[in-house]
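Asker: So the sequences go chain by chain: A and B. Residues 1016 to 1144 in my numbering are what the first sequence lists, from first letter to last. Residues 1016 to 1144 in my numbering are what the second sequence lists, from first letter to last. Ideal Cβ placement from N, Cα and C applies to all residues, glycine included. Please read these numbers as outputs of a predicted model, since none were measured by experiment.
Number of protein chains: 2
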Amino acid sequence: MAKPRGQTTDGDSPDRWEAQLRKGALEMAALASLWQGRLYGLEIIRFLENHSSMALAEGTIYPILNRLKMEGMLTSEWVEAEAGHPRKYYSLTEAGLQRLRQMAEAWTSFSRGLSRLLEPVLERQENLQ
Amino acid sequence: MAKPRGQTTDGDSPDRWEAQLRKGALEMAALASLWQGRLYGLEIIRFLENHSSMALAEGTIYPILNRLKMEGMLTSEWVEAEAGHPRKYYSLTEAGLQRLRQMAEAWTSFSRGLSRLLEPVLERQENLQ
DNA sequence: CAAGATACCTCGTATAGCAATGTATAGTGC
DNA sequence: GCACTATACATTGCTATACGAGGTATCTTG
Chain A
1016 MAKPRGQTTD GDSPDRWEAQ LRKGALEMAA LASLWQGRLY GLEIIRFLEN
1066 HSSMALAEGT IYPILNRLKM EGMLTSEWVE AEAGHPRKYY SLTEAGLQRL
1116 RQMAEAWTSF SRGLSRLLEP VLERQENLQ
Chain B
1016 MAKPRGQTTD GDSPDRWEAQ LRKGALEMAA LASLWQGRLY GLEIIRFLEN
1066 HSSMALAEGT IYPILNRLKM EGMLTSEWVE AEAGHPRKYY SLTEAGLQRL
1116 RQMAEAWTSF SRGLSRLLEP VLERQENLQ
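#1: Measuring alpha carbon to alpha carbon, tell me which residue in B/S1106, B/R1082, B/M1085 is nearest B/W1093.
#2: How long is the line joining the alpha carbons of A/E1134 and B/R1131, rounded to whole angstroms?
#3: Under 8 Å, Cβ to Cβ, is there at least one residue of chain B near A/S1091?
#4: Following the continuous alpha helix (DSSP H) through B/L1083, name the residue where it begins and the one where it ends.
#5: Would you say A/Q1117 touches the ligand ZN, meaning its beta carbon is less than 7 Å from a heavy atom?
#6: Under 8 Å between beta-carbons, which chain B residues line up against A/T1123? List them in chain order, please.
#7: Give the straight-line distance between the Cα atoms of B/L1049 and A/K1103, rounded to the nearest whole angstrom.
#8: Find the residues of chain B that neighbour A/R1061, judging by a C-beta separation of less than 9 Å, and give them in chain order.
#9: Could you tell me which chain B residues have their CB closer than 8 Å to the CB of A/H1066, listed as they occur along the chain?
#10: Compute the Euclidean distance between the alpha carbons of B/L1071 and B/K1084, then round it to the nearest angstrom.
#11: Please state if the CB of B/S1126 and the CB of A/S1124 are separated by a distance shorter than 8 Å.
#12: Could you tell me which residues DSSP pairs with B/R1114 in its beta bridges?
#13: Exposed or buried, which one is A/G1111 when buried takes at least 16 other CB atoms within 10 Å?
#14: Show which residues of chain A have a CB atom less than 8 Å away from the CB atom of B/R1082.
#15: Nearest-angstrom Cα distance between B/M1069 and A/G1039?
#16: Got a sec? Which residues, its chain only, sit under 6 Å from A/L1137 by beta carbon, not counting five neighbours each side?
#17: Hey, how far is the Cα of A/R1114 from the Cα of A/L1063?
#18: The beta strand (DSSP E) spanning B/R1061 covers which residue range?
#19: If we ignore side chains and look at the alpha-carbon of each, how far apart do B/I958 and B/S1091 end up?
#20: State the Cα-Cα distance for the pair B/E1042 and A/R1053, rounded to the nearest angstrom.
#21: Considering only their Cβ atoms, is the gap separating A/L1129 from B/W1122 smaller than 8 Å?
#22: Buried or exposed for B/A1098, going by 16 or more other Cβ atoms inside 10 Å?
#23: Would B/E1109 and B/P1101 qualify as a contact pair, given that the criterion is a beta-carbon distance under 8 Å?
#24: CA-CA distance, B/Q1117 and B/Y1055?
#25: Under 8 Å, do B/E1073 and B/I1059 count as touching if we go by C-beta distance?
#26: Just grab the DSSP bridge partners of A/E1092 for me.
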């Protein structure tokens, strides 16, 4: 019998963060954008564009927000604007806050690992140019 | 006429790094693992596991290596091992080296943006616990 | 009521990661 | 020389995801 490679059968357990991170960076960014208070969809896009140079499309953010809401990480409420279309404001729930913290920690560790890997590459560049 | 949303029609231009990064982190890691010299497939997996806590499967690394080789970022050579199956060693080409530098820069900027976003989240945690 | 601005939503497609599985080479025990 | 095991490379199929394109709803202005 061959090796039983990859026995992690629990696809959505909170363990596999390293793998989820690569995919879920956007989810984390969306959650993080709500740290300081509620925002509505398009506002989140602009926020991330300004604060982290992440450019994401509407077709990206709305599915993410729905996903997060279904998982209980966010709540939403319609608020009538002074002018124009009403806005759907999203806020972090307690669970969303916890998840954000977990992701932030995992991200930090992940990011640190990669940075360590890239250090020699970037150092050398300073010397050359 | 509606808004001309998303006018970046050049799907594979070197401009869209922010988007590629989220997908291409593994590609970058693979390139980076070859910085200090040639490695063979399974060795790359072990290297990344040890040096960056990135766990990737064989079914992940080989397609990536083939992709990179086809793009001229890597060269490969068969080397007979003292014992067991011969090994296919990969090395960075000049183009691969340049690409790695580009990706490293983009990664740094991307990572910095996200870190800035996550700063308040992590800070608060120190105070609480 | 038509045009335009703002905002939310959804479908289709291309792509990627990865678990599972297959193949090739060589050593070991009998 | 045959089975068994270990090492290493390779491929296939499933699923999830990002996102471009296009659509809907609300309000304002003329």
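Answerer: Considering the structure as presented:
#1: The count along the second sequence starts at 1 and reaches residue 1093 of chain B at position 78. Checking every option, the nearest Cα to that of B/W1093 belongs to B/S1106.
#2: Position 119 of the first sequence holds residue 1134 of chain A. Position 116 of the second sequence holds residue 1131 of chain B. If you take the alpha carbons of A/E1134 and B/R1131, they lie about 20 Å apart.
#3: Counted from its first residue, the first sequence places residue 1091 of chain A at position 76. Under the Cβ distance rule, A/S1091 does not count among the residues neighbouring chain B, no pair being separated by less than 8 Å.
#4: Position 68 of the second sequence, counted from the start, is the residue given in the question as residue 1083 of chain B. From DSSP, the alpha helix (DSSP H) with B/L1083 extends over 1073-1085.
#5: The ligand content of the structure shown is nil, which means the ligand ZN is not present either.
#6: Within the first sequence, numbered from 1, the residue matching residue 1123 of chain A stands at position 108. Neighbours of A/T1123 on chain B, chain order: S1130, L1133, L1137.
#7: Position 34 of the second sequence, counted from the first residue, corresponds to residue 1049 of chain B. Position 88 of the first sequence, counted from the first residue, corresponds to residue 1103 of chain A. If you take the alpha carbons of B/L1049 and A/K1103, they lie about 48 Å apart.
#8: Numbered from its first residue, the first sequence carries residue 1061 of chain A at position 46. The premise fails here: A/R1061 is roughly 14 Å from chain B at the closest Cβ pair, so nothing lies under 9 Å.
#9: One-based indexing of the first sequence puts residue 1066 of chain A at position 51. The contacting residues are G1128, R1131, L1132.
#10: Stepping through the second sequence from its first residue, residue 1071 of chain B is reached at position 56. Stepping through the second sequence from its first residue, residue 1084 of chain B is reached at position 69. C-alpha separation (whole angstroms): 19 Å.
#11: Locating residue 1124 of chain A in the first sequence gives position 109, counting from the first residue. Locating residue 1126 of chain B in the second sequence gives position 111, counting from the first residue. Not a contact, by the Cβ cut-off of 8 Å.
#12: Position 99 of the second sequence, counting from 1, holds the residue named residue 1114 of chain B. Looking at the DSSP assignment, B/R1114 forms no beta bridge with any residue, so it has no partner.
#13: Position 96 of the first sequence, counting from 1, holds the residue named residue 1111 of chain A. Classification of A/G1111: buried, given that the 10 Å Cβ count is 16 or more.
#14: Within the second sequence, the letter at position 67 stands for residue 1082 of chain B. Listed along chain A is no residue with a C-beta nearer than 8 Å to that of B/R1082; the closest approach is about 16 Å.
#15: Locating residue 1069 of chain B in the second sequence gives position 54, counting from the first residue. Locating residue 1039 of chain A in the first sequence gives position 24, counting from the first residue. Whole-angstrom Cα-Cα distance: 15 Å.
#16: One-based indexing of the first sequence puts residue 1137 of chain A at position 122. Hits under 6 Å: none found.
#17: Stepping through the first sequence from its first residue, residue 1114 of chain A is reached at position 99. Stepping through the first sequence from its first residue, residue 1063 of chain A is reached at position 48. Going by the C-alpha atoms only, they are around 19 Å apart.
#18: Residue mapping note: residue 1061 of chain B aligns to position 46 of the second sequence, counting from 1. Where B/R1061 is concerned, there is no enclosing beta strand (DSSP E), although the alpha helix (DSSP H) it sits in stretches over 1056-1067.
#19: Not covered by the structure: residue 958 of chain B. The range shown for chain B is 1016 to 1144.
#20: Working through the second sequence from its first residue, we reach residue 1042 of chain B at position 27. Working through the first sequence from its first residue, we reach residue 1053 of chain A at position 38. Straight-line measurement puts the Cα of A/R1053 at about 36 Å from the Cα of B/E1042.
#21: The residue given as residue 1122 of chain B occupies position 107 in the second sequence. The residue given as residue 1129 of chain A occupies position 114 in the first sequence. Contact flag set, yes.
#22: As a working mapping, residue 1098 of chain B is identified with position 83 in the second sequence. Looking at its Cβ environment, which holds fewer than 16 other Cβ atoms inside 10 Å, B/A1098 is exposed.
#23: As a working note, residue 1109 of chain B is residue 94 in the second sequence. As a working note, residue 1101 of chain B is residue 86 in the second sequence. In this structure, the beta-carbon distance from B/E1109 to B/P1101 does not fall below 8 Å.
#24: On the second sequence, residue 1117 of chain B is found 102 positions in, with the first residue counted as 1. On the second sequence, residue 1055 of chain B is found 40 positions in, with the first residue counted as 1. Roughly 24 Å between the two C-alpha positions.
#25: Taking the second sequence and counting its residues from 1, one reaches residue 1073 of chain B at position 58. Taking the second sequence and counting its residues from 1, one reaches residue 1059 of chain B at position 44. No, the pair does not count as a contact, with Cβ atoms beyond the cut-off.
#26: Walking along the first sequence from the start, residue 1092 of chain A turns up at place 77. Per DSSP, A/Y1104.
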